[in-house]
Amino acid sequence: MLRFGIKNLRRLVSVDPVEIKPITILVGRNSSGKSSFLRALPLIRQTLMKRTSSPILWYGDFVDFGSFEGAVSGNDIDQSISFLFGLDRMTVQLRGPYGYAARVGRQLENIRLETRISALVEPNAPSSDNVKTYISALSISFDGGIYAIELDGAGELSKLTVNGKDVRSLFVDHEIYLSSDAVFPSLEVLPKDRAGELAYAERHYVAKAVARIIKPHLNKLVKDAALQEYSATILSLREFNRQNIRRIGQQATSQSFKRLLVDLSEGDANKIYEELRLCYLANWLPETVQRLSRILQEVIQSTLYIGPARARSERYYRYQDLSVSEIDPDGENFAMFLNSLAYSEQESLSSWIERLFNYRISVVQSPGHLSINLVEGARSTNIVDTGYGVSQILPVLGQIWWAKNKSRRIRTRRSLASSSMIAIEQPELHLHPAHQALLADALVDQVPASDDEEPVNFLVETHSETLVNRLGELISEGQLLPENVQVLIFQPSKDNDQQTDVSIARFGEKGELINWPFGFFQPAE
């Protein structure tokens, strides 16, 4: 389950990571920050899609935040913008020699990542381009550990701690590099010289530090090769705890090493135990950063987005021999998207729309052109000759349907992302309230009915009271589980009306809203 939060992005000064449910509705008055929250996801995605020299591409194909100065809260460039992510669990693996085979895997739980983006004013640069942004800090916390990394404006490592303790000295014969120009940075630990190459190959970066700790407690005649083996044994534990130490102690052949492990497992050498545990956690740092970055990159890169300003439908679309993999945020390429679908997929989408709205859609080809028709019974009508609201809702319905069907395609290849996500702004525009209610049915219909189906999570920013109420009705009818939906409420902070507080309203078993502010959809007095 993904969680997402923001600090210092426009009005959103501090939004703790919120769990993204299968259906997450965002409501609030105009300029309350709900669009900024939702658009942050396509903002990150458009960054990942381009080669950039800064962590965030503020203006791109999906959304436009202007610049760092325009996006940071209070337009104060001395502040930092942070993106926060959370995962329930993930598995991290130490690789074997030169990364070929997995040696050992470790399960982390309750993971939280915070990436902090800061600005640096370059006095000698042109005034229009004198603000450089970079990753100034990265923190990862999980059950049992906290990693904290800080960089200066030149991209040099200025801080590296594990559970609050500086661990840079543990990486003997290695240099540590963290990219400062990527929202999900990569961390490299590379050997300084040949002395560090073996440790690098085995991914035992802090082996020398471990050897230094345990050597005084071993037989004085122990050889370097054996000492290296003992260090590797400790660093290769699936989890550093007394039970696992006792287990490897039972298998140890060296009496002095066995005796040390017994003391550690029985709590008779607490200082050494804590020093070794720090080394163990530090050794997992590079793989933890890499794994978490890869997972979040894949989650964000698979996120679909449809904006509120959707293109007007055309009577004819010029045919282009292109394969369209998704619908544009403004829906302008919807006709080409339909034409790129396999016939079975077109039929599936059309049948799904008919079940909800009582009309089908078809793509009509003529020399050099395409057109979209609505089919009701025996009558086929060009989309331009139907109501404007119909032309506006079709790209939204196509995106909702594609979110689930796209994830089915993804399942055919190896994927780190455990779910597909779609962000939708104001899908109810130009729709009659009855059709706004049907949007809720469309969302619920695409929520997986069992754990065997690929998860799809919808983030929907809306002003539609009808849509929210319909979700409650579907819960009362047993078509939606209350734990699969939530409403994020964006309201001005009581302490500062230039900031926004975010609260969560949930539905009860009978579809009633819980923690809903009285008169929320009524005019302000």
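Read in the UniProt record's numbering, the sequence shown has 39 at position 39, and its numbers run on one by one without any break. Beta carbons are placed, not taken as given, at the ideal position from N, Cα and C, and that holds for glycine.
Legend entry - Top-ranked residue by Cα proximity to Gly74, from Lys192, Ala434 and Gln499: Gln499
Inset, instruction - To the nearest angstrom, report how far apart Ile20 and Ile327 are at their CA atoms. - result: 22 angstroms
Legend entry - Three-state class that DSSP yields for Gln107 in the structure shown: strand
Legend entry - At least 3 beta-carbon pairs within less than 8 angstroms: the segment 434–449 vs the segment 6–14: no
Inset, instruction - Just mark Glu266 as buried or exposed, buried being the case when its beta carbon has 16 or more other beta carbons within 10 Å. - result: exposed
Inset, instruction - State the start and end residues of the unbroken alpha helix (DSSP H) segment that holds Trp436. - result: Here residue 436 turns out to be Gln, not Trp, going by the sequence shown. Note, Gln436: alpha helix (DSSP H), Pro433 to Gln446.
Legend entry - Local Cβ density within 10 Å of Tyr147, reported as buried at 16 or more and exposed below that: Buried.
Legend entry - Where the beta strand (DSSP E) through Arg242 begins and ends: From DSSP, Arg242 is part of no beta strand (DSSP E) but of the alpha helix (DSSP H) over Arg242 to Gln251.
Inset, instruction - Verify whether the separation of the beta carbon atoms of Leu349 and Gly398 is less than 8 angstroms. - result: yes
Inset, instruction - Compare the beta carbon distance of Pro455 and Pro22 with 8 angstroms and say whether it is the shorter of the two. - result: yes
Legend entry - Cβ neighbour criterion (16 or more within 10 Å) applied to Tyr388: exposed
Inset, instruction - Would you list, in sequence order, the uninterrupted beta strand (DSSP E) runs of no fewer than 3 residues that lie entirely inside the segment 488–520? - result: 500–507
Legend entry - Residue environment, Asp501, which counts as buried when at least 16 other CB atoms sit within 10 Å: buried
Inset, instruction - Mind reading off the beta-carbon distance from Tyr316 to Ser371? Whole number of angstroms is fine, and I expect it under 8 angstroms. - result: 5 angstroms
Legend entry - Assigned exposure category for Val364 - 16 Cβ within 10 Å defines buried: exposed
Legend entry - Residue interval of the beta strand (DSSP E) (run including Pro17): Leu12 to Glu19
Legend entry - Cut-off 6 angstroms between Cβ atoms - residues of its own chain near Gly99, not counting five sequence neighbours on either side: Note that Gly99 scores a pLDDT of 44, beneath 50, so its modelled location is shaky and nothing firm can be said.
Legend entry - Bridge partners - Arg116, DSSP secondary structure assignment: Note: Arg116 sits in a beta bridge opposite Ser82 and Ala137.
Legend entry - Unbroken beta strand (DSSP E) run spanning Ile6, endpoints: If you look at Ile6, you'll find it in the beta strand (DSSP E) that goes Leu2 to Leu9.
Legend entry - Exposure label - Val121; buried when at least 16 CB within 10 Å: So Val121 counts as exposed.
Legend entry - Inter-residue spacing [alpha-carbon to alpha-carbon] between Val131 and Phe65: 15 angstroms
Inset, instruction - In the DSSP assignment, find the unbroken beta strand (DSSP E) run with residue 528 in it and report its ends. - result: Given a span of 1 to 525 for the chain in the structure shown, any question on residue 528 remains unanswerable.
Inset, instruction - Could you give the DSSP three-state label for Lys208: helix, strand or coil? - result: Lys208 falls in the helix class under three-state DSSP.
Legend entry - Nearest to Glu69 (by Cα), restricted to the options Gln79, Gly60 and Asp61: Gln79
Inset, instruction - Compare the beta carbon distance of Leu84 and Gly5 with 8 angstroms and say whether it is the shorter of the two. - result: yes
Legend entry - Sufficient close CB pairs (3 or more, under 8 angstroms) joining the segment 24–39 to the segment 454–469: yes
Inset, instruction - Please confirm if the segment 206–213 is in contact with the segment 274–290, defined as three or more CB-CB distances below 8 angstroms between the two stretches. - result: Yes, since at least three Cβ pairs between the segment 206–213 and the segment 274–290 fall closer than 8 angstroms, the two stretches touch.
Legend entry - Contact belief for Gly28 with Gln491 at Cβ below 8 angstroms, rounded distance in angstroms: About 6 angstroms separates the two Cβ atoms, so the contact holds.
Legend entry - Straight-line Cα distance separating Leu151 from Trp284: 20 angstroms
Inset, instruction - Flag this pair as yes or no: are the beta carbons of Glu332 and Ala309 separated by less than 8 angstroms? - result: no
Inset, instruction - Give every residue of the same chain whose Cβ lies closer than 7 angstroms to the Cβ of Val72, excluding the five residues on either side of it in the sequence, and list them in chain order. - result: Asn8, Gln79 and Ile81
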